[in-house]
Structure formats: C-alpha cells, structure tokens
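Participant: Chains as they are written, first to last, in the numbering used here: chain V, 1 to 289; chain A, 1001 to 1326; chain W, 2001 to 2319.
Here a beta-carbon is modelled for each residue, glycine too, at the ideal position from N, C-alpha and C.
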C-alpha cells in the first residue's frame, strides 16, 4: 500500500506502536493465542490426531480421555480434531467477512466523505436503511436469501457490517476536508483517487485497525450463530457453531460436546478483543490515563 | 492590611507517579497567607503552582498525585490530617477555588443557577428556593442578569462563564480564595474587567487570596506579597515592593527581563535561556543552575537554603548567603 | 423540541420504506419456487402454475412490490405462511411481545450489571477492582450468547433443576434466556461506561464539583455520570437491536414461542413470507426504538436540545 518514500516513515511509526503494544500483557497474550490458532488451523492435518470425519462408532459420546482429549461426539468423531479443523472455517469467515465489509465500507465512506453533497446524501440514506435492521438480523436475512455455505456466510456477515466502516471512513474524510494539505494537494493537481488514497486514508487507519481487529472476533461469533440456527456452514463440515448446533440435543448427558467448541469460539474472540484493546491504546496513547 | 496567619503551608512535598517515573512537582514549599492579604504565586507553567493550590483544598487527583510530606494549617488545624468529611466542610465554604479555564470548569449538563445553588446548599441551612434566590443575587453581583441563571454554560461566553465561576466561588463567603490563573484563558480585553471585578469583591469582603499567575503585571496590580516558584521550590519570597525593587534571585531577574519595561529604553527583551528542568529528573544543587548566568561550581552541588536578605525577604541563592557576601 | 421530534419522525418514514424495499428485494431474489414449497414435490406443473398465478408470482417486481406495500402498510397484512396458510400478521402480533420482553429485560439486566461495573472500574482505575472489572467485561463481550445459553441451561435447568429449561410462562422462564444474552451486553456497556467515565472524570468541572465540597458519591453519580451518560444512552438503544436478534437465537435454545423460533422455522422450511414479515417487523420496532433514543438523547443533553429549540433572541452575547 505504501510507496517506497513513505515506507521509512511508516516503519518508524509501526515500530513505535509495536513497542507500546509489547508492553501490554493482555494484548500480547491475545496476539500469541491468535497466531497459535492461525498456525494450528493451517497445519491442521499435521496436528489433529484424527481426521475430522473419522467416525468411531464403538466409541460414541466418549468423555475426555488421553485418547480423545475433548471426548468424541454423537458419531464417535474426535472433538479435539474437529475443533482444530473447525478453526479453518471460523477464522476464514472472520477475516474474510471483515475484509469484505472493510473494502465495501471504506469505499462507500470515502466516496461519500470526499465528494459530499448529493452523493454523500444518497449513500448515507442507503446506509441509514441498512442500519435500521440490526446487523445480526441483517446477516440472517441475507444468509437466508443466499443459502447455506462458507462463501455465502462470508458475504452475509460482511455485507451486514458495512455501515460501521463507512461511517468511520466518512468521518475521517470529513475531518480533514478543507485542511491546508488537502488544498495543497489539489493545488498541484493531484487526482481525486490519489488524494483519497495517499492523503486522507492514512488518517483513518488507526481507528480502522482497531475496529477490524475486534470485527474479526464478532464476525466469528456471528458466523457460529448462523450455523447454529441452520444457516452458514452446514454439518458435517467442522465449524464451531455447527458443532454446537449438532451437539445441543445431547447436552443433558454429554456436556463435553457443547463445552469445547464454545470455549474455542470464546477464547478466539477474547484474544481478538484483547489485541484490539491493546492496539487502540498503542495507536492512540492519548486515550490512556 | 495584613492580620494573623490564616493558612500556613510548611514543607509541602507532592509527587506524581506515572509508570516508573516520579515527578517531583512540589519540593518543600512553605509560606503563610495572612488574613486580608493577597499572595501571588508566580512561576512558569509546570512549576507546581496549581498543585500547591489543589493540595490546600485537598483535591489532588490521587493517584497519580501523592502528598509526601509537610503540613497545611488553617485555624490551627492541620488540614492534611482532617477526614474527608471535615475537609468537605472546608471546600467551597472556607476556601474556594477559581479555575483557569472557565470553558471547562462548569458542568455542561446543569444550568448555571443550579451549579451556584449547589455550593450554597452544601454549606448553608437554606431552602431550595432560598438558595436559588441567593444564586440570582450572586449572578447580579458579578454583573450577569439573575434570570440567566436558568441557562446552560454553553449559552455563555468565556468571560461570562468566568464570572459565573467567581460567583460560585464567592457564594459561601469564603475566607480564602485560590485563584488559579483566573484570566489566562480570557480575551485580553475581558481580562482587565474580570480582574478588576475580582479585586473589588475581594476588598469588599476582605477575602484573602492566593493568586496563581505567570503574569507579573497581574502581580503588580493585585498582590501584597509574592512567592516565586521554580521547579517546585520557592526561590524568592517577599512583599511585592521588595520583589519588584530589590529583585534578588537570578530567576526573578530573568522573569523581569522577559517583560518589556516602558520606563527604560530596552532594545531587546532578555528571555531566560533554556527550559525548566524535567521535574522527574531535577538537577542536583540549585535547580536553576543550568540556566543561571551566575552559576558557580558550588551551585551545582550544594543544596541551597532560603536566605533572609532583609526581614521578610527570602531568597534561595548562594550569592545571597550572608556568610559569604560577595 | 417539538420540531426536533417531528423532524426525526419525518426521517423515519423513508427509512421504513427503504427497509421494506430491501427486505422485499432480498426475498424476491431468493432462489427456489414458492409454489413447490407449498404444494410439495409431487405436484404437477399445471398445479404449480395455477398456484403461482394465484399468488401473483408471475407479476412483475414492481407490481408485486406495490401489492406488498399496500398489504403491509394499508391493511397491516404481512401475507400468509406457505406452509400452513396462517396469517403472518396474527402470528407475529402474538409472538412479538414475547421476543420484545426477552430483549427488553435483557437490556435492563445488561444496564444493571454493566453500568455499575463500568463505574466501579473507572473510579478505581488501575486497582484490582478495575482489573477484575475489565476482565469480566472482556469475558462478557467475548462469550457467544447462544453458547452461554446452552451452558446455563445445562447447569441451572438440566443439572440443578432450579429453572425451567424451556417454554414460556412466569418470570422463571425469562431468567435463563435473558441472562444468556444480557452478559455480552453487560460487558459492552461496562466497557463503554468505563471509558466515558474516565474521559469525564478528567474534566475540570469534576474538580470544580469537588472543590465545592460535594461528596464523592454525588460528584460521581450526579456530575460525572450525567455527562458520561450520552454515549451510554446511544449504546443502550443500539443494544436493544442487538438483543432483539439475540433473543431470536435464545428463543430457539429455550423454545420460546417468539419471533425468533418463528423465523428460524421459516428459514428451515423455506417459508419466505414468514422470514420477510419477521425481519420487517423487527426492523420497524428497532427503528422506533432508535427514534426514541434520539429523542431521549436531546433530553439528556441540553446542548442538543438547544440546537433544535426555537431560535434564540439573544444572539450577540458578551464579546
């Protein structure tokens, strides 16, 4: 994204933020856990002791043991392995849907904020309508239209969270409108696109990073909820929400089927939130104290 | 003019802790404020003036601020030893404070009349209606129509807000008024008006005042005595006349040097070179020595006490050491 | 003030229209043939075609949209279920109060837990109380509500037998679903309260209040909280929307006959008018709540009230 000239400047700021972030123990714990989850998901076949569809019908509903650390489910599948594979779906949805909503949201927000006037008004009214439907309900509605599946879940969740990103981007565009350096850039005939990308957008970056970090967490949560009510990723593909959905009928006698996938969601979301909090403090030290 | 001692501060030490750093904001300050007298605390931003005032009122934010030592007496009682409950009876009642920035000193959520009435109701046995009536009178006293008490702070200009703050401070007829740069945030044209009004009210009511300022012009106009603060210490203290006519400390000299003097032909102002030392790592010896034109080797190591050059005129400078008058 | 309220109500109309267009369009493009859903897989093509004609499915988008709008807004008719042919409006009307109760109670719970937690946290910054509160709030916002619901029903209903695991009736039926979705709300309210209290406590007028000799309690609960409340009020309003959707999930866990179970069954049976009607009604209710929040906002903050009050006579103040 950055040109060579800007890289040096960017880098020093990057290290400054990293230095502050390193001091924050909660944030570092979050980061480490998140990286661990990502690595585990990537190398799932190497780490998981069993395949995610390997059924052991002699060993259904087994409680946690040395053989099956988190026990087995109603089809005798190893829950530990399924959670490891499930991380792939959950993390993919989390990051991809944030990417979708950030790209669409920032573009819309930038256009609205930069051009202002009628364009701004039309975009904002459309977003008002969008926001009149609670985001989760929106993702349920879109998901119901698109049908189940990983990609559709990403689209449903991504599209439903657009307004937040748009408003944020628009706000930072508005806040720099009329500032001298934008005028200066215009005066030397910088193109609209160039002004937006090089001069205005960097101002929006800090809050955006925080919003996106936490957004990944909430998207993971929403995705799990979608598969829980029968939308999104469908069984038998391993996905944490789908595992909860499949296991809920056995909850009375076999608590472990429901406990561990839920813990996986919670810890992942928690680590993202801790990292997000830390990033916010590191990016904007003014807010501390 | 001056009567018996009303407030006496002895060896006050205040520190702020932020992370691993300890900021030495006030380092052993002692002074007396007598009844009916106005003492000016003069110094640069960050010298510890506001901290001293807030310590007297017991409203330092703790954490990060901590009073490490010293005593503050009023009416023979050490106020640092008073309970919170006893202290609350002092605040706003016996001692009141005027803050620097009127734009932020009033609560934006309440009409100003209620904010004035609040302090009256806290300290006086008075009905709600009585307090409301009194707050209107107070507004009139500072030159604001009483019915504007029903308006919110955002409906007032800066100068008007500061008048409201002054009315609020004087509401319970306090013995002592702590004025923390009361005119700094105002337009120059308004400054004089507000200052004049404060002096008039002070004289009418015989209130003692601690005037915190960095403006020697205000000191000349308002104060009886002056204490010059540098890096959390008093470097020179005496009557206004003494300080102005027999300036003894190089820092005070510097303060005067950076003012234009209309009586002598000054071609160029002489600013004090350098910056105030970082209060988390103060220099050894005289704290002013890195900026002092007269600094000697001794200044860098010796702890300098206050020397009394004349009765009532104290100076913290080795050059005034009576044992080695140069 | 009245002008402000009127203005907000006027803005409300196009939004509702927009939501209707959106919901209608979304389901218009939903793949699948409603006639097939209604008649089942062994219907003949003629039967299907007749059914489509009867439902008006062969009409153009605009015709269908106009009909839908006139049905909904002029006759309060959300259509009939494909599956059992029952009126959706009646169904929604009987179910909505339950969903709304769950959402409202959980918002109240969230406020009652979250605000004190945030205040304690902010007024004891950097102490163990603050740290505990921060961690609790973080856990709260990180736990998926439906999972909390499952675990709570496991412990309190299935194992301990203290509360009913499902159904609808007295207060005891409300506790588990409401708590399960309130926790995340409480967490985010606590976080919002903490940060806005910290912001406000730093302000000069708080020092002023202390300097007046006001008690610490009143300094915090009258002077600080009143100012910190503005962002919290907004958040509580938005939260009702979140909790309405949360309630949808909680209902399916605790088998509450509300909009949520209705909608989920609609999704499962591809009964799209049901989904359409439910989403529309929830969105309208959410918009009304946001309208009320905006008005409440103006009551809380005199500065906003002033913007919409009749123009002031006094414009030229002192210099």
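Count Cβ pairs between the stretch 268–281 of chain V and the stretch 1030–1049 of chain A that sit closer than 8 Å; are there 3 or more?
Facilitator: The stretch 268–281 of chain V vs the stretch 1030–1049 of chain A: no contact.
Participant: Note down, in chain order, each residue of its chain lying with its Cβ closer than 6 Å to the Cβ of residue 1094 (chain A), except the 5 sequence neighbours on either side.
Facilitator: 1174, 1175.
Participant: May I ask you to list the residues that DSSP assigns as paired with residue 1073 (chain A)?
Facilitator: A:1008, A:1078.
Participant: Please state whether the Cβ-Cβ distance between residue 1177 (chain A) and residue 1197 (chain A) is less than 8 Å.
Facilitator: Against a cut-off of 8 Å, the Cβ pair of residue 1197 (chain A) and residue 1177 (chain A) comes out as no contact.
Participant: Let me know the secondary structure DSSP gives residue 2052 (chain W) once reduced to three states.
Facilitator: Helix, per DSSP.
Participant: Measuring only the C-alpha atoms, how far is residue 229 (chain V) from residue 2245 (chain W)?
Facilitator: One C-alpha to the other measures close to 12 Å.
Participant: Which of the three DSSP states, helix, strand or coil, is assigned to residue 1308 (chain A)?
Facilitator: Of the three classes helix, strand and coil, the one that applies to residue 1308 (chain A) here is strand, per DSSP.
Participant: Enumerate in chain order the residues of its own chain whose CB-to-CB distance from residue 2194 (chain W) is below 6 Å, with the five nearest sequence positions on each side excluded.
Facilitator: Cβ within range, chain order: 2118, 2121, 2122.
Participant: What residue does the alpha helix (DSSP H) around residue 2241 (chain W) start on, and which one ends it?
Facilitator: Start and end: 2225–2254.
Participant: Relative to chain V, which residues along the stretch 2245–2262 of chain W have a C-beta separation below 8 Å, given in chain order?
Facilitator: The residues in question are 2245, 2246, 2248, 2249, 2252, 2253.
Participant: Should residue 1123 (chain A) be labelled buried (16 or more other beta-carbon atoms within 10 Å of its own) or exposed?
Facilitator: Buried.
Participant: Just to confirm my understanding: we take residue 1317 (chain A), look at its own chain, exclude 5 residues before and 5 after, and list those with CB closer than 6 Å. What are they?
Facilitator: Taken in chain order, the residues that qualify are 1249.
Participant: Hey, could you find the ends of the beta strand (DSSP E) residue 1030 (chain A) is sitting in?
Facilitator: Its beta strand (DSSP E) spans residues 1021–1034.
Participant: Starting from the N-terminal side, write out each stretch of the alpha helix (DSSP H) that is 4 residues or longer and does not extend beyond the stretch 197–250 of chain V.
Facilitator: The stretch 197–250 of chain V contains these whole alpha helix (DSSP H) runs: 201–228, 240–247.
Participant: Below 9 Å on C-beta distance, what does residue 2214 (chain W) contact in chain A?
Facilitator: What residue 2214 (chain W) touches in chain A: 1088, 1091, 1092, 1118, 1119, 1122.
Participant: Identify the continuous beta strand (DSSP E) that holds residue 2016 (chain W) and give its terminal residues.
Facilitator: Premise fails: residue 2016 (chain W) lies in the alpha helix (DSSP H), 2002–2028, not in any beta strand (DSSP E).
Participant: Can you give me the Cβ contacts of residue 271 (chain V) inside the same chain, cut-off strictly under 6 Å, excluding the 5 residues immediately before and after it?
Facilitator: Counting only Cβ-Cβ distances below 6 Å, and skipping sequence neighbours, we find 30, 33, 34.
Participant: If we ignore side chains and look at the alpha-carbon of each, how far apart do residue 2114 (chain W) and residue 213 (chain V) end up?
Facilitator: When rounded, the distance between both Cα atoms is 23 Å.
Participant: For a contact meaning CB atoms closer than 9 Å, what does residue 2227 (chain W) contact in chain A?
Facilitator: By Cβ distance, chain A contributes 1107, 1108, 1109.
Participant: For chain W, find out if any of its Cβ atoms is closer than 8 Å to the Cβ of residue 1007 (chain A); answer yes or no.
Facilitator: Judged by the 8 Å Cβ criterion, residue 1007 (chain A) is not in contact with chain W.
Participant: How should residue 2319 (chain W) be labelled, buried or exposed, when 16 other C-beta atoms within 10 angstroms of its C-beta is the threshold for buried?
Facilitator: Low local confidence applies: a pLDDT of 31 at residue 2319 (chain W) is under 50, so the model's placement there is unreliable, with the coordinate-based value given in what follows. Exposed, because fewer than 16 other Cβ atoms sit within 10 Å of the Cβ of residue 2319 (chain W).
Participant: Which residues in chain W have a C-beta closer than 7 Å to the C-beta of residue 1057 (chain A)? List them in chain order.
Facilitator: In chain order: 2211.
Participant: Considering residue 1180 (chain A), what are the terminal residues of the beta strand (DSSP E) in which it resides?
Facilitator: From DSSP, the beta strand (DSSP E) with residue 1180 (chain A) extends over 1176–1180.
Participant: Can you look up residue 2215 (chain W) in the DSSP assignment and give me helix, strand or coil?
Facilitator: Note: residue 2215 (chain W) maps to coil in three-state DSSP.
Participant: Three or more beta-carbon pairs under 8 Å between the stretch 1008–1017 of chain A and the stretch 1070–1084 of chain A, yes or no?
Facilitator: At 8 Å Cβ cutoff, the stretches touch.
Participant: Need the endpoints of the beta strand (DSSP E) that residue 1209 (chain A) sits in, please.
Facilitator: Its beta strand (DSSP E) spans residues 1208–1213.
Participant: Would residue 37 (chain V) pass as an interface residue toward chain W - the criterion being a Cβ-Cβ separation below 8 Å?
Facilitator: Closer than 8 Å: no.
Participant: Hey, does residue 1016 (chain A) have any beta-carbon neighbour from chain W nearer than 8 Å?
Facilitator: Output row for residue 1016 (chain A): interface = no.
Participant: Under 8 Å Cβ to Cβ from residue 1283 (chain A), same chain only, skipping five residues before and after it: list those, please.
Facilitator: If we look at residue 1283 (chain A) and ignore the five residues flanking it on each side, its Cβ neighbours are 1277, 1289, 1290, 1300.
Participant: Report the residue from W:2170, W:2293, W:2039 whose alpha carbon sits nearest the alpha carbon of residue 2102 (chain W).
Facilitator: Measuring from the Cα of residue 2102 (chain W), the nearest candidate turns out to be W:2170.
Participant: Using a Cβ cut-off of 9 Å, pull out every chain V residue sitting near residue 2142 (chain W), in sequence order please.
Facilitator: Those within 9 Å of residue 2142 (chain W) in chain V are 217, 221, 265, 266, 267, 268, 269, 270, 271, 272, 273, 274.
Participant: DSSP on residue 2277 (chain W), reduced to helix/strand/coil?
Facilitator: Residue 2277 (chain W) falls in the helix class under three-state DSSP.
Participant: Once the 5 residues before and after residue 2282 (chain W) are set aside, which same chain residues still bring their CB inside 7 Å of it?
Facilitator: 2244, 2259, listed in sequence order.
Participant: If I measure Cβ to Cβ from residue 2056 (chain W) and keep anything under 7 Å in the same chain, skipping five residues before and after, which residues do I get?
Facilitator: So the qualifying residues of the chain are 2064, 2067.
Participant: Does residue 2139 (chain W) have its Cβ less than 8 Å from a Cβ in chain V?
Facilitator: For residue 2139 (chain W), the answer is yes, since a Cβ of chain V falls inside 8 Å of its Cβ.
Participant: Name the residue from A:1254, A:1227, A:1233 whose alpha carbon lies nearest to the alpha carbon of residue 1242 (chain A).
Facilitator: The shortest C-alpha separation from residue 1242 (chain A) is found at A:1227.
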